[in-house]
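Protein chains in written order, with full-length UniProt numbering: chain S, 1 to 205; chain B, 1 to 205.
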DNA sequence: TAATTCGCATACCGCTGGTATGTGAAAGGA
DNA sequence: TCCTTTCACATACCAGCGGTATGCGAATTA
């Protein structure tokens with residue numbers, strides 16, 4: 001799919017990718033509001049004509065960038081989680097991987113700060129759900145199916161955990177007073193544990 | 001303090017309050033980015049000269065609005081919590097009150113969506129800490145002091161809970177697919193319970 | 001009542017996101 | 001091969017934005 005045969009199609013793809021790359025770099029560094037389209041097209045060595053040929057406007061470019069970021073985070077989480085055989089380890093390892101990925105400089109601001117404000121919370125939530133947050137819900141659903149979790153609905157728990165981890169990521173990567181990773185994890189782990197079935201270590205069945 | 005004696009001082013206060021009121025209304029309804037200063041001053045029946053006489057610019061006006069909103073939420077939380085004699089009930093009642101206050105139409109978008117993006121996450125966090133989030137940390141600290149909580153540091157737990165509740169508020173008041181309050185609470189309560197000391201219902205001491 | 005203050009209005013500016021149109025090289029047909 | 005069409009992008013332009021400099025008149029003060 002990324003392959004392009006014609007000379008024109010190849011150039012087109014490269015221009016598009018350059019715009020996404022420079023847009024992401026500038027959005028991450030200065031924030032959505034403080035980045036102008038003029039700045040982006042100058043960094044990409046093209047003009048606004050090119051940008052509007054590829055994207056519908058500034059919010060659309062940001063959305064494409066965010067899509068890329070979300071996919072990147074989701075891939076990192078999935079790769080780490082899938083390496084764990086035990087379902088519970090998959091959950092904890094996935095959470096750790098999320099925190100690591102979401103605190104990356106090219107991710108944090110775009111995904112967690114500007115994302116909801118630019119696209120609106122509902123649209124942002126849909127994207128988040130379709131990507132990284134989905135893995136969390138999946139992991140919880142898997143655990144629930146095997147009786148490890150209390151038989152409460154998993155969706156609310158997944159959302160609250162997602163919110164907690166987003167906040168954790170923002171704190172861990174706070175440029176002013178970054179949080180302590182160990183302290184965060186020691187607060188997060190009991191929250192995960194609280195989801196376990198109250199009936200001893202193994203339920204019937 | 002709100003009293004003003006001179007005719008000029010009274011007019012000044014009224015203009016300032018009108019700007020804050022209309023600014024808050026428009027920010028809450030359309031979002032920070034989609035509200036122009038022209039729109040605000042037109043709604044307030046003044047001109048930009050008045051606005052810039054009272055505030056340093058658009059972000060400064062927003063910050064003043066957010067300050068008002070935060071204080072309002074903090075007051076509601078404190079009033080509800082303080083009515084409960086039992087420390088643990090103060091925590092849970094305070095959480096419920098926060099969810100109720102944060103989902104209000106004039107609060108949600110300003111405090112939870114645009115706030116971090118406009119002021120930057122660090123500055124937003126400072127304000128949040130100084131207002132509503134402080135009550136959560138205080139409640140946890142009080143419980144920790146009386147041995148009800150496990151003796152882990154309270155700050156990380158407070159932050160994660162704050163993140164979870166912010167997300168919960170956003171979900172509960174989602175205009176597209178609002179969350180179910182009961183489901184949210186049944187997911188949040190176990191998280192709070194998980195903070196309790198692991199030693200039986202009552203620790204030594 | 002003359003001088004001063006100051007709350008606000010008026011007029012203006014550079015820049016932004018967005019649009020309408022032009023253009024030249026690559027792709028396609030004879 | 002040459003002509004035509006396509007299309008990726010450049011150029012030129014615009015209304016509206018946040019922000020600034022200045023003017024003004026009523027309330028205050030001396």
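We treat Cβ as the ideally placed atom computed from N, Cα and C, and that holds for glycine.
All values derive from a computational prediction rather than experimental measurement.
Point to revise | Nearest-angstrom beta carbon gap, residue 28 of chain S and residue 105 of chain S [assumed within contact, 8 Å] | key: Contact between residue 105 of chain S and residue 28 of chain S holds, with the beta-carbon distance rounding to 6 Å and staying under 8 Å.
Check your understanding: Should residue 10 of chain B go down as buried or exposed, given a rule of 16 or more other Cβ atoms within 10 Å for buried?
Key -> Classification of residue 10 of chain B: exposed, given that the 10 Å Cβ count is below 16.
Check your understanding: Of all Cβ atoms in chain B, is any one closer than 7 Å to the Cβ of residue 105 of chain S?
Key -> Nearest CB-CB separation between residue 105 of chain S and chain B: not below the 7 Å threshold.
Exercise for review: Could you pull the start and end residues of the alpha helix (DSSP H) that residue 192 of chain S belongs to?
Suggested key: 181 to 193 is the span of the alpha helix (DSSP H), which, as asked, contains residue 192 of chain S.
**Study point:** Residue nearest to residue 23 of chain B in terms of C-alpha spacing, selected from B/87, B/188, B/109, B/101
**Key:** Considering only B/87, B/188, B/109, B/101, the residue with the shortest C-alpha distance to residue 23 of chain B is B/109.
Exercise for review: State the DSSP-derived secondary structure class of residue 152 of chain B, mapped to helix, strand or coil.
Suggested key: Coil, per DSSP.
Check your understanding: Name the chain B residues whose beta carbon is nearer than 8 Å to that of residue 129 of chain S?
Key -> None at all; the shortest Cβ gap to chain B is about 11 Å.
Practice item. Would you tell me roughly how many angstroms separate the C-alpha atoms of residue 152 of chain B and residue 114 of chain B, rounded to the nearest one? Key: Each residue's alpha carbon lies about 33 Å from the other.
Check your understanding: For a contact meaning CB atoms closer than 7 Å, what does residue 134 of chain B contact in chain S?
Key -> By Cβ distance, chain S contributes nothing, its closest Cβ being about 16 Å from residue 134 of chain B, past 7 Å.
Check your understanding: Could you give the residue range of the alpha helix (DSSP H) that holds residue 94 of chain S?
Key -> Here the alpha helix (DSSP H) through residue 94 of chain S covers 87 to 102.
**Study point:** Which residues DSSP lists as bridging residue 196 of chain S, in chain order
**Key:** For residue 196 of chain S, which the question treats as bridged, DSSP gives the partners S/149.
Point to revise | 9 Å Cβ cut-off: residues of chain S touching residue 174 of chain B | key: Near residue 174 of chain B (Cβ distances below 9 Å), the residues of chain S are 121, 122, 125.
Check your understanding: Buried or exposed: which applies to residue 8 of chain B, given that a residue is buried once 16 or more other Cβ atoms fall within 10 Å of its Cβ?
Key -> Classification for residue 8 of chain B: exposed.
Check your understanding: Does DSSP classify residue 84 of chain B as helix, strand or coil?
Key -> Shown here, residue 84 of chain B sits in coil according to DSSP, grouped into three states, outside any helix or strand.
Review point. If the cut is a Cβ gap below 8 Å, which residues of chain S does residue 179 of chain B touch?
Key: What residue 179 of chain B touches in chain S, judged by beta-carbon distance under 8 Å, is 156, 159, going in chain order.
Check your understanding: Mapping DSSP to helix, strand and coil, what is residue 46 of chain B?
Key -> Residue state, collapsed to three classes: coil.
Exercise for review: Count the other CB atoms, across all protein chains shown, that sit within 10 Å of the CB of residue 90 of chain B; report buried if there are 16 or more and exposed otherwise.
Suggested key: Burial state of residue 90 of chain B is buried, judged by a 10 Å Cβ sphere holding 16 or more other Cβ atoms.
Review point. Any beta-carbon of chain B closer than 7 Å to the one on residue 113 of chain S?
Key: Closer than 7 Å to some Cβ of chain B, the Cβ of residue 113 of chain S qualifies, so yes.
Exercise for review: Classify residue 36 of chain B as helix, strand or coil using the three-state DSSP reduction.
Suggested key: Three-state DSSP puts residue 36 of chain B in coil, outside helix and strand.
Exercise for review: Using a Cβ cut-off of 7 Å (strictly closer), state whether residue 183 of chain S contacts chain B.
Suggested key: Output row for residue 183 of chain S: interface = yes.
Check your understanding: Should residue 164 of chain B be flagged as near chain S, meaning a C-beta pair shorter than 7 Å?
Key -> So yes, residue 164 of chain B belongs to the interface.
Review point. Assuming residue 70 of chain S contacts residue 128 of chain S under a Cβ cut-off of 8 Å, what Cβ separation, rounded to an integer in Å, is found between them?
Key: Confirmed, Cβ separation roughly 7 Å.
Check your understanding: Is residue 166 of chain S helix, strand or coil when you go by DSSP?
Key -> Residue state, collapsed to three classes: helix.
Practice item. Take residue 169 of chain B and list the residues in its own chain whose beta-carbon comes closer than 8 Å to its own, dropping the five residues that flank it on each side. Key: Closer than 8 Å at Cβ, skipping near neighbours: 98, 99, 102, 103, 108, 112.
Exercise for review: Tell me, please, whether the region 182 to 192 of chain B touches the region 154 to 168 of chain S by the rule of three or more beta-carbon pairs shorter than 8 Å.
Suggested key: They touch, by the three-pair rule.
Check your understanding: Can you check whether the CB of residue 163 of chain B is closer than 7 Å to the CB of residue 163 of chain S?
Key -> Less than 7 Å separates the beta-carbon of residue 163 of chain S from that of residue 163 of chain B.
Check your understanding: residue 194 of chain S versus chain B: which residues are under 7 Å apart at the beta carbon?
Key -> By Cβ distance, chain B contributes 190, 191, 193, 194.
Point to revise | Identity of the residue in B/40, B/50, B/93 nearest residue 192 of chain B by Cα | key: Among B/40, B/50, B/93, the Cα nearest to that of residue 192 of chain B belongs to B/93.
Practice item. Could you check the C-alpha separation between residue 166 of chain B and residue 132 of chain B for me, to the nearest Å? Key: Per the coordinates, the alpha-carbon of residue 166 of chain B lies some 11 Å from the alpha-carbon of residue 132 of chain B.
Check your understanding: When DSSP labels each residue in this structure, what does residue 202 of chain S get in the three-state scheme?
Key -> Residue placement at residue 202 of chain S cannot be trusted, given a pLDDT of 44 that sits under 50; the coordinates are not used to answer.
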